[in-house]
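Residues 1 to 501 (full-length UniProt numbering) are what the sequence shown spells out, left to right.
Just so you know, even glycine gets a beta-carbon here, dropped at the ideal spot from N, CA and C.
Keep in mind the model is a prediction, meaning the values are calculated, not measured.
Have a look at the structure below before the remarks.
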Amino acid sequence: MIQKLFNNSISNVAILLLRLGVSFVLTPCILKALGKHEYGIYEIVLSVVGYMGMLELGMQPAVTRFIARYAAVNDEEKLKRIFSSALVFSTAIGALVAVALMLWAFAGAQGLVPPNAPSSRYTVFLTIVACQVLISFPGNVITSVHHGHQRYWLTSGLTAVNTVVGTSIIYFFLKHGYGLLVLTLANTIGFTLKFINYYLLLRLDKYGGYRFAFKYVSADTIRELVGFGFKSFALGIATRIRNSTDSLVIGTVLSPSAVAYYVMPSNLVNQLRNFISAATLGFMPFFSELNANSTPEKTREVYYTSSRYMVGVVVCGFIAIGFLGPRFLDVWIGSEYGQEGRLILYILAFATFIQMINPFHGRILTGIGKHGVLAKIRTYEAIVNLLISIVLAKIIGKEGVAIGTLLPALIAEPLILYIVCKQIAGQFFDYLIQALLPSLLPCIITALFYYVLIANFNPIGYGGIFIVGVSGSVLFVLSFIILLHRDERCRLFNIIKTRSI
Numbered sequence: 001m002i003q004k005l006f007n008n009s010i011s012n013v014a015i016l017l018l019r020l021g022v023s024f025v026l027t028p029c030i031l032k033a034l035g036k037h038e039y040g041i042y043e044i045v046l047s048v049v050g051y052m053g054m055l056e057l058g059m060q061p062a063v064t065r066f067i068a069r070y071a072a073v074n075d076e077e078k079l080k081r082i083f084s085s086a087l088v089f090s091t092a093i094g095a096l097v098a099v100a101l102m103l104w105a106f107a108g109a110q111g112l113v114p115p116n117a118p119s120s121r122y123t124v125f126l127t128i129v130a131c132q133v134l135i136s137f138p139g140n141v142i143t144s145v146h147h148g149h150q151r152y153w154l155t156s157g158l159t160a161v162n163t164v165v166g167t168s169i170i171y172f173f174l175k176h177g178y179g180l181l182v183l184t185l186a187n188t189i190g191f192t193l194k195f196i197n198y199y200l201l202l203r204l205d206k207y208g209g210y211r212f213a214f215k216y217v218s219a220d221t222i223r224e225l226v227g228f229g230f231k232s233f234a235l236g237i238a239t240r241i242r243n244s245t246d247s248l249v250i251g252t253v254l255s256p257s258a259v260a261y262y263v264m265p266s267n268l269v270n271q272l273r274n275f276i277s278a279a280t281l282g283f284m285p286f287f288s289e290l291n292a293n294s295t296p297e298k299t300r301e302v303y304y305t306s307s308r309y310m311v312g313v314v315v316c317g318f319i320a321i322g323f324l325g326p327r328f329l330d331v332w333i334g335s336e337y338g339q340e341g342r343l344i345l346y347i348l349a350f351a352t353f354i355q356m357i358n359p360f361h362g363r364i365l366t367g368i369g370k371h372g373v374l375a376k377i378r379t380y381e382a383i384v385n386l387l388i389s390i391v392l393a394k395i396i397g398k399e400g401v402a403i404g405t406l407l408p409a410l411i412a413e414p415l416i417l418y419i420v421c422k423q424i425a426g427q428f429f430d431y432l433i434q435a436l437l438p439s440l441l442p443c444i445i446t447a448l449f450y451y452v453l454i455a456n457f458n459p460i461g462y463g464g465i466f467i468v469g470v471s472g473s474v475l476f477v478l479s480f481i482i483l484l485h486r487d488e489r490c491r492l493f494n495i496i497k498t499r500s501i
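Right, dumping it as structure tokens:
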């Protein structure tokens with residue numbers, strides 16, 4: 001089981017890094033091939049589709065959670081009902097979204113067509129997007145079933161192949177003068193082939209032998225899924241408001257030109273947040289399975305141990321951001337942004353660190369079906385964040401918006417940790433001792449290393465920053481492992497050894 005978690009975490013992180021690399025290479029190519037207008041259209045329509053995807057009402061995490069739960073107790077009847085019922089629900093929602101896009105298309109693609117240009121090109125574009133949506137909604141259910149069985153390694157592997165092949169084909173066509181329609185069509189074909197492969201694998205007995213059948217479609221099952229999923233939906237809305245309103249506040253209260261000084265350091269911090277999110281993703285179905293057939297003591301032991309290692313990753317990452325982040329901003333986008341964004345970077349990094357010292361809270365609360373309280377806390381936090389940000393932006397500027405993110409986190413995160421500890425029959429301070437304390441001494445050692453190295457060698461450029469960052473990270477990892485208890489260190493080496501084989 002631990003080996004499966006390790007494989008899932010590594011594969012999820014690898015896919016995240018692959019997508020970052022693809023985005024880095026492909027985005028300039030897409031922008032050049034499409035031009036500003038059509039690139040803007042492409043991004044706007046995909047954003048609209050993304051928001052329309054919220055109409056699923058949290059179906060994906062619901063399917064993942066219940067598949068994991070009933071697979072743990074081998075309830076084949078429930079598994080079949082969840083699969084068929086969720087597939088019908090998501091296909092129906094996908095069809096509604098596709099129809100809305102088609103109506104937009106055949107109404108002349110209003111809002112997309114440049115002045116004095118024919119609308120046919122954009123009608124075809126929206127039609128292709130509608131087809132993609134029609135495939136994606138049920139495809140997401142199929143993916144969630146695999147995730148419920150903790151097969152993230154499988155979906156990540158197929159996604160990696162699909163991404164590399166698809167990106168190569170898209171790059172070829174864009175370089176040969178093709179634009180918006182070919183890009184959208186290629187993406188749609190890629191989505192379709194990926195989901196077909198997922199479904200064919202799901203039909204194999206080895207992977208559950210799932211078959212869609214109307215006799216397994218149940219209104220009660222759909223209500224159960226939607227009831228659970230709506231809490232995830234509310235949590236997602238609150239989290240999106242908390243993470244996405246800062247730019248709006250700065251642009252409205254201060255000026256649009258001030259947004260860039262905030263967004264750049266914010267994006268840097270968010271990359272580490274995304275990394276941690278990818279690494280912890282596979283734990284939600286695991287905690288659901290654990291909740292179904294294990295004792296609270298076993299759940300608590302796994303939670304503390306997993307958190308100890310992930311907190312180590314969090315601390316290692318934020319030390320690097322603290323010492324090297326401003327220098328990276330100087331090189332990446334210019335010294336002006338590095339200077340203006342330095343304090344914002346420190347405040348946001350600290351706020352995000354506070355949020356990440358309990359990195360599995362969302363995974364375990366969702367896995368055991370107690371994420372409704374998390375949705376409420378995140379909603380209140382988002383509202384307080386917004387109000388404080390507006391007030392402080394008027395008083396002290398863009399740094400006040402960052403403080404507006406930090407202050408609610410100082411209240412919300414300890415409360416969430418207390419709730420998690422209560423659910424797993426643990427103690428607040430026991431968690432701090434077992435999960436946070438092991439990273440304290442490695443943190444001090446690594447911070448001193450960064451301070452001395454930067455003071456004496458003054459790394460300049462991407463190469464220097466990379467070398468110092470890797471050196472500091474290696475030192476942190478080595479000191480963290482050395483300071484572990486001998487038995488735990490041996491278990492860790494066995495996991496790594498098994499993985500390498």
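Contact check between the segment 372-387 and the segment 222-236: three or more CB pairs, one atom from each, fall below 8 Å, which counts as touching.
Taking 4 residues as the shortest admissible run, the segment 416-455 contains the following complete alpha helix (DSSP H) segments, listed from N- to C-terminal end: 428-431.
In this structure, DSSP gives T280 a helical state, which the three-state scheme calls helix. In this structure, D330 lies near G338, with their beta-carbon atoms less than 8 Å apart. DSSP, reduced to helix, strand and coil, places H149 outside both helices and strands of the structure shown, so it counts as coil. Spatial neighbours of I467 in its own chain (CB-CB distance under 8 Å, excluding positions within 5 residues in sequence) are listed in chain order as P459.
Every alpha helix (DSSP H) stretch that sits fully inside the segment 168-254 and reaches 4 residues is listed by chain position as 180-203, 219-244 and 246-249. Around the beta-carbon of V99, fewer than 16 other beta-carbon atoms lie within 10 Å, marking it exposed.
Within the model, the alpha-carbon separation for Y451 versus F323 is close to 8 Å. Considering only S389, L415 and A412, the residue with the shortest C-alpha distance to G404 is S389. Annotation: the continuous alpha helix (DSSP H) that includes S335 extends over S335 to M356. In this chain, G369 is not harboured by any alpha helix (DSSP H), its DSSP state being neither H nor E. Beyond the five residues adjoining it in sequence on each side, V311 comes within less than 7 Å, by CB distance, of I357, P359, A435, L436 and S439 in the same chain, given in chain order. Here T295 carries a coil assignment [DSSP, helix/strand/coil]. Straight-line measurement puts the Cα of I250 at about 26 Å from the Cα of M54.
Sequence-distant partners of K206 (beyond 5 residues in either direction) whose C-beta falls short of 7 Å from its own C-beta are missing from its chain. Between the segment 341-354 and the segment 246-266 there are three or more inter-stretch CB-CB distances shorter than 8 Å, so the stretches are counted as touching. When DSSP states are grouped into helix, strand and coil, Q110 belongs to the coil group. For the pair Y70 and F89, the Cα-to-Cα distance works out to about 20 Å. Collapsing the DSSP output to three states places D75 in coil. In summary, A92 is exposed, with fewer than 16 beta-carbon neighbours lying within 10 Å of its beta-carbon over all protein chains present.
Its chain contains Q110 and L126 as the residues whose beta carbon lies nearer than 8 Å to that of W104, once the 5 sequence neighbours on both sides are disregarded; these appear in chain order.
Taking every protein chain shown into account, the CB of L386 has 16 or more other CB atoms within 10 angstroms, so this residue is buried.
Your pair V133 and L101 checks out as a contact, with CB atoms roughly 7 Å apart and the cut at 8 Å. Counted as a single uninterrupted DSSP element, the alpha helix (DSSP H) harbouring I467 occupies residues G461 to I482. At a Cβ-Cβ threshold of 8 Å, L410 and I444 do not count as neighbours. Excluding the 5 residues flanking it on each side, I30 has same chain C-beta neighbours closer than 7 Å at Y39, L174 and L183, in chain order.
Contiguous beta strand (DSSP E) elements confined to the segment 305-337 do not occur, taking only those with 3 or more residues.
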